[in-house]
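Residue numbers (our numbering), protein chains in the order written: chain A, 1 to 348; chain B, 1 to 334. Take a look at the structure set out below.
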């Protein structure tokens, strides 16, 4: 497992993050993420889909080491993040796994030119480069994200750029670190519809050309389908379903995934109005008890759902869902054999 | 649709006074709404859709001002009315649902207190009648009336938006103007709110003007659709017609910018470039710098709205005087 060539890029086991809420003595704990197991492979785009409050941004922040996990472990190229304690190791990890933020209007410092953020990253993380090489590299990454002419763009201030261009600058900053995995937290949700696709295409191109993996966090399942190889669906802190994107969308096994899919507005499809299913809301997961967290909204819920928390089961090759009632194609798949997501990359 | 027209916007122009001179955010917009009709207004940020909506409701404040055209609501021109005259119509005859309920609701007042404010500003009901009506509208939008005693922060995003809609329905107005009421919600909550708005509309018979940047959102709910670009209407017509056969290259581009969750996975291109600076709009057709089928004359000639089937489109390709076929320049074909 210690050979970085064979272990997955990122592997999370039992990843859990709880937050204390209320006063110090309130004893109330918000379970943002509970027992998430997942893997992100090299050159893979994994989409993490869920509603706001489902814990998907917390997952990104755990991977970015903004938060320390309450329990569980993240391994990067076979090495536990908890064991990377020195500044040098932290810096190396941060440059390998940078983050791109949702809001391109507040994530760039308005007082500095575009070059500032990129050059800073280069000075900090790419110490092997000379001054001239850093400048050349800054131009290269700006060109790589489709901002031309690069020298001109580097000299501009954020206010001179449109939202789409700013978000590209965000990707250029991340790219300057020579990353292995970019954590993209809702990178297009603040942008206009007509330019979102351009950014999604950019992410796909960066994977091809630079060999970067992406964790693409979104609430827009249609864009997740457009971009990702694999899809993970999160609900109230639990990963409820994951698998190859097309397999999950063609045959969603978890009732929540089914609800999510039915809610996507699609002008090309006839309207299937099912108002009742959508009327519930995700629960706030404070001091939760055992049981499936979707059961209050679930049309299929049985007694067992309130007693036993369903664990992810592999129901079809590489396709898992955490539901007692989900149909399985695999013979003898007992509950909680652990998600068999190793070796991934799918798509048509 | 043979419904009586309740709102008629003609040649409306709204300008912002900026340090760079007057900027027209809404430029010659026409819009008609029949009784009980659902009209969707779609476009990107900065296209003037929200300004249009604020102008219709007469809610603009400086530096924005209506500099031309008329908004005729039930035979009365709202543009020339005084605040006092408007006060008679507001809430009772038309109401507005704002984009962000978190900002539109007062955080230090309970929902009930805010309902009471709205009712008392526009009518003289007794305290009991106010309470009864508040409970009624909360039931209408599917919130337990117990939440009348709640403060906005105690409600979820979806419930806050519902409370806003409940407030807009206090007097059962004939027209409800909505500015992206679902944009802060998740897909599931969004869909359920849209379905509910549609149900309420059918039940109570009010007309809706619904502004959104998400074209697919209104695809199943609106009767008429208005596509705006850079302050102008570029396409208008029955929703189905616009979706099935978009006539303007911009509407087509917008539609093609949405990945689908069904059918084969296809590569999409979106629309290159970004919306223009309204202080210096492009000459001729405002979409020509981003248009995949632009002609040489598109940069010179400003197109009118031409009839195309059931819809109208502001594109020279549909100019009947230029037909049958314009010569498409070689570089525009690629």
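We put the beta carbon where it would ideally sit given N, CA and C, even for glycine. What you are looking at is a predicted structure, and each value in this text was computed from that prediction instead of being measured.
Output yes or no for whether 8 Å exceeds the beta carbon distance between residue i and residue j.
i	j	result
residue 145(A)	residue 168(A)	yes
residue 35(A)	residue 28(A)	no
residue 239(A)	residue 322(A)	yes
residue 226(B)	residue 39(B)	yes
residue 188(A)	residue 200(A)	yes
residue 130(B)	residue 179(B)	no
residue 81(A)	residue 93(A)	yes
residue 174(B)	residue 93(B)	yes
residue 115(A)	residue 138(A)	yes
residue 215(A)	residue 183(A)	yes
residue 191(B)	residue 224(A)	no
residue 314(B)	residue 233(B)	yes
residue 311(B)	residue 231(B)	no
residue 239(B)	residue 224(B)	yes
residue 48(B)	residue 26(B)	yes
residue 7(B)	residue 33(B)	yes
residue 177(A)	residue 98(A)	yes
residue 77(A)	residue 9(A)	yes
residue 402(B)	residue 97(B)	Because chain B is modelled from 1 through 334, residue 402(B) falls outside the range shown and cannot be assessed.
residue 111(B)	residue 150(B)	yes
residue 295(A)	residue 305(A)	yes
residue 177(B)	residue 66(B)	no
What residues of chain A sit near residue i, judged by a beta carbon separation below 9 Å?
i	result
residue 268(B)	197, 200, 201, 226
residue 44(B)	192, 193, 194, 195
Look up residue i in the DSSP assignment and say whether it is helix, strand or coil.
i	result
residue 153(B)	helix
residue 151(A)	helix
residue 212(A)	coil
residue 22(B)	strand
residue 20(A)	strand
residue 244(A)	strand
residue 126(A)	coil
residue 51(A)	coil
residue 157(A)	coil
residue 280(B)	coil
residue 32(A)	strand
residue 256(B)	helix
residue 351(A)	Lying before the first or after the last residue shown, residue 351(A) is absent from chain A, which here runs from 1 to 348.
To the nearest angstrom, how far is it from the Cα of residue i to the Cα of residue j?
i	j	result
residue 248(B)	residue 304(B)	12 Å
residue 101(A)	residue 153(A)	20 Å
residue 329(A)	residue 289(A)	30 Å
residue 335(A)	residue 266(B)	With a pLDDT of 44 at residue 335(A), under the threshold of 50, the predicted position of this residue should be treated as unreliable, though the coordinate-derived value follows. Looking at the two C-alpha atoms, the distance is approximately 36 Å.
residue 329(B)	residue 194(A)	Here residue 329(B) scores only 46 on pLDDT, less than 50, and its place in the model should not be relied on; the value that follows carries that caveat. When rounded, the distance between both Cα atoms is 25 Å.
residue 243(A)	residue 129(A)	40 Å
residue 24(B)	residue 211(A)	46 Å
residue 309(B)	residue 110(A)	48 Å
residue 49(A)	residue 229(A)	13 Å
residue 15(B)	residue 50(B)	13 Å
residue 12(A)	residue 40(A)	9 Å
residue 53(A)	residue 284(A)	8 Å
residue 276(B)	residue 156(A)	18 Å
residue 145(B)	residue 161(B)	15 Å
residue 222(A)	residue 206(B)	32 Å
residue 234(A)	residue 245(A)	14 Å
residue 286(B)	residue 229(B)	8 Å
residue 112(A)	residue 122(A)	16 Å
What in chain A is Cβ-close to residue i, meaning under 8 Å?
i	result
residue 146(B)	Under the 8 Å cutoff, chain A gives no residues; its nearest Cβ is about 16 Å from residue 146(B).
residue 254(B)	193, 194
residue 214(B)	193, 265
residue 286(B)	Simply none; closest approach about 14 Å.
residue 271(B)	194, 195
Just the chain B side, please: which residues come within less than 7 Å of residue i by C-beta, in chain order?
i	result
residue 164(A)	274
residue 51(A)	186, 188
residue 222(A)	258, 259, 260, 261
Any beta-carbon of chain C closer than 8 Å to the one on residue i?
i	result
residue 26(A)	No chain C is present in this structure, whose protein chains are A and B.
What does residue i reach in chain B if we use C-beta pairs closer than 8 Å?
i	result
residue 219(A)	186, 187
residue 249(A)	261
For residue i, return the contacting residues in chain B, with the cut-off set at a CB-CB distance below 9 Å.
i	result
residue 259(A)	188
Chain A partners of residue i, CB-CB under 7 Å?
i	result
residue 257(B)	193, 194, 196, 197
Worksheet item: Quick one: complete beta strand (DSSP E) runs, 3+ long, within the segment 169-241 of chain B?
Response: 175-179, 207-212, 224-229, 232-238
Worksheet item: Hey, which unbroken runs of the beta strand (DSSP E) at 3 residues or more fall wholly within the segment 36-99 of chain B?
Response: 38-42, 64-73, 94-97
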